[in-house]
Amino acid sequence: MVESLRVLKACRKTAVAARRVALQMIQNTIVCAPDSLRDLLRTMTRMQLVRTLAAWRPDLTAYRDVEAAYRIGLRSLARRYLELHDEIADLDAMIGAIVDELAPDLVARNSIGHTCAAQLLLTAGDNPERLRSEASFAALCGVSPVPASSGKTIRHRLNRGGDRAANSALHIIAIGRLRTDPKTKAYVARRIAEGHSKLDAIRALKRYIAREVFSLIIRRQKEINQTRIAA
1 MVESLRVLKA
11 CRKTAVAARR
21 VALQMIQNTI
31 VCAPDSLRDL
41 LRTMTRMQLV
51 RTLAAWRPDL
61 TAYRDVEAAY
71 RIGLRSLARR
81 YLELHDEIAD
91 LDAMIGAIVD
101 ELAPDLVARN
111 SIGHTCAAQL
121 LLTAGDNPER
131 LRSEASFAAL
141 CGVSPVPASS
151 GKTIRHRLNR
161 GGDRAANSAL
171 HIIAIGRLRT
181 DPKTKAYVAR
191 RIAEGHSKLD
201 AIRALKRYIA
211 REVFSLIIRR
221 QKEINQTRIA
231 A
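Okay, structure coming up:
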């Protein structure tokens with residue numbers, strides 16, 4: 001199922017990128033549109049704007065007229081955006097179902113959503129037991145500490161190696177916990193009081209989360225393997 005997850009995640013990534021381009025084109029087109037159109041659309045929220053544009057019924061035979069051309073173009077972009085929006089929602093549902101089956105304990109943890117969990121599962125691979133330890137998983141995710149001490153000052157710098165998508169997933173989880181989890185807030189506050197920077201504290205937090213994620217993935221993989229053997 002990890003291979004299925006990989007295919008769906010790749011499709012989602014391209015759909016998200018295409019949706020972003022469609023939105024940027026809508027915004028850029030509105031900036032250049034006649035004043036009458038800009039004034040009509042200026043105060044709308046993003047989805048109000050997109051749905052309004054998609055519902056337009058411009059005269060398709062009047063495409064030589066400037067305002068009609070803008071209306072035709074904006075409707076086309078808005079419908080493209082909505083199609084991609086629906087496609088992403090469908091892919092998210094499929095990805096979520098696979099993640100729930102592969103690692104239910106993972107998404108049950110604070111601030112670990114299906115998208116982040118999917119990325120971490122992909123990084124670990126279909127056979128996470130091939131990773132020697134949680135330290136090797138941390139290195140794979142680019143969150144293992146890199147010494148950057150100078151004289152009597154002992155510190156570690158940002159690790160720019162590893163899987164950057166997995167690193168980004170761990171960062172999202174860390175920021176989510178920093179906003180919602182009292183223990184995480186207390187931990188970061190304590191690290192800062194000890195003289196560490198906030199970035200250093202978040203770096204250490206990501207390392208802790210990588211350890212937690214690794215243990216959950218390994219445990220679930222063992223359960224799946226035991227079920228297969230029993231069958």
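If you're matching positions, the sequence shown starts at 1 in UniProt numbering and goes up one per residue. Cβ atoms here follow ideal geometry from the backbone N, Cα and C, with glycine treated the same way.
Asked                                                                                                                                                                         : Found
Within a Cβ cutoff of 6 Å, which residues of the same chain sit near A62, ignoring the five residues on either side of it in sequence?                                        : A68
Quick one: is R203 buried, meaning 16 or more other Cβ sit within 10 Å of its Cβ, or exposed?                                                                                 : buried
Could you check which residue in D39, G113, D90, G142 has the C-alpha nearest to that of V99?                                                                                 : G113
What separation, rounded to the nearest whole angstrom, lies between the Cα atoms of I64 and I72?                                                                             : Looking at the sequence provided, one finds Arg at residue 64 rather than Ile. Approximately 11 Å, taken between the alpha carbons.
Select from E223, Y70, V188, Q48 the residue whose C-alpha is nearest the C-alpha of P58.                                                                                     : Y70
I'd like the span of the alpha helix (DSSP H) that includes H85, first residue to last.                                                                                       : 66-102
Can you have a look at T123 and say buried or exposed, based on whether 16 or more other CB atoms are within 10 angstroms of its CB?                                          : buried
Run through DSSP, which three-state label would C141 get?                                                                                                                     : coil
Anyone know if the C-beta pair for L60 and L74 falls short of 7 Å?                                                                                                            : no
Quick check: is the beta carbon of L60 nearer than 7 Å to any beta carbon in chain B?                                                                                         : In the displayed structure, chain B is absent; only one protein chain is listed.
Label Q27 either buried or exposed according to how many other C-beta atoms from any shown protein chain fall within 10 Å of its C-beta, with 16 as the threshold for buried. : exposed
Under 8 Å Cβ to Cβ from L205, same chain only, skipping five residues before and after it: list those, please.                                                                : A174, R177, L178, T184, Y187, V188
Which whole-angstrom value describes the C-beta separation of L121 and I218, a residue pair presumed to lie in contact below a C-beta threshold of 8 Å?                       : Their Cβ separation, rounded to whole angstroms, is 12 Å, which puts L121 and I218 out of contact at 8 Å.
Which value, in whole angstroms, describes the spacing of the CA atoms of I229 and A169?                                                                                      : 32 Å
Return the residue from the list S111, L106, V66 that minimises the CA-CA distance to D181.                                                                                   : S111
Distance, Cα to Cα, L84 vs A135?                                                                                                                                              : 39 Å
For D35, does the count of other Cβ atoms within 10 angstroms reach 16, so buried, or fall short, so exposed?                                                                 : exposed
What alpha helix (DSSP H) runs, 4 residues minimum, are completely inside the segment 4-52?                                                                                   : 35-41
Measure the C-alpha to C-alpha separation of L40 and K13 and round it to an integer number of angstroms.                                                                      : 33 Å
Could you give the distance in angstroms between the alpha-carbon of A138 and the alpha-carbon of A22?                                                                        : 36 Å
On a Cα-Cα basis, can you pick out the residue from D86, A93, A117, T29 that is closest to residue 234?                                                                       : Any answer about residue 234 is impossible in this case: the structure gives the chain only from 1 up to 231.
So L82 and A15 are in contact, right, with Cβ under 8 Å, and what is the actual spacing, rounded?                                                                             : With 8 Å as the limit, L82 and A15 do not qualify as a contact, their Cβ atoms being about 12 Å apart.
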